[in-house]
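If you use my numbering, the sequence shown corresponds to residues 46 to 111, in order.
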Amino acid sequence: MSKKHKQYLGDAVYADWDGGHVILTTGDGVYESNRICLNDQVMAQLNDYFKRKQHGAQKNKSSDPT
46 MSKKHKQYLG DAVYADWDGG HVILTTGDGV YESNRICLND QVMAQLNDYF KRKQHGAQKN
106 KSSDPT
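Shown next as structure tokens:
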């Protein structure tokens, strides 16, 4: 993984692409401490999960009486 292609996402998380996987790493930008490779099927599942959770959070906000 090339450091020049890494994108900092926040909270010490970096993203990269190897042509077939989104690669998430944690670390200080120089040294990796964790690495997760997500193929397109797993990314689709992660996106679906996020949408469900985001929708649920918006639903809960709209029912908040305050």
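A virtual CB, placed ideally from N, CA and C, is assigned to each residue, including glycine.
{"Asked": "Secondary structure of residue 93, DSSP reduced to three states", "Found": "helix"}
{"Asked": "Sequence-distant residues of the same chain with beta carbon closer than 8 Å to residue 66, five excluded per side", "Found": "82, 83, 84"}
{"Asked": "Residue 55 - containing beta strand (DSSP E), residue span", "Found": "52 to 55"}
{"Asked": "Opening and closing residue of the beta strand (DSSP E) in which residue 61 lies", "Found": "58 to 62"}
{"Asked": "Residue range of the beta strand (DSSP E) that includes residue 79", "Found": "77 to 83"}
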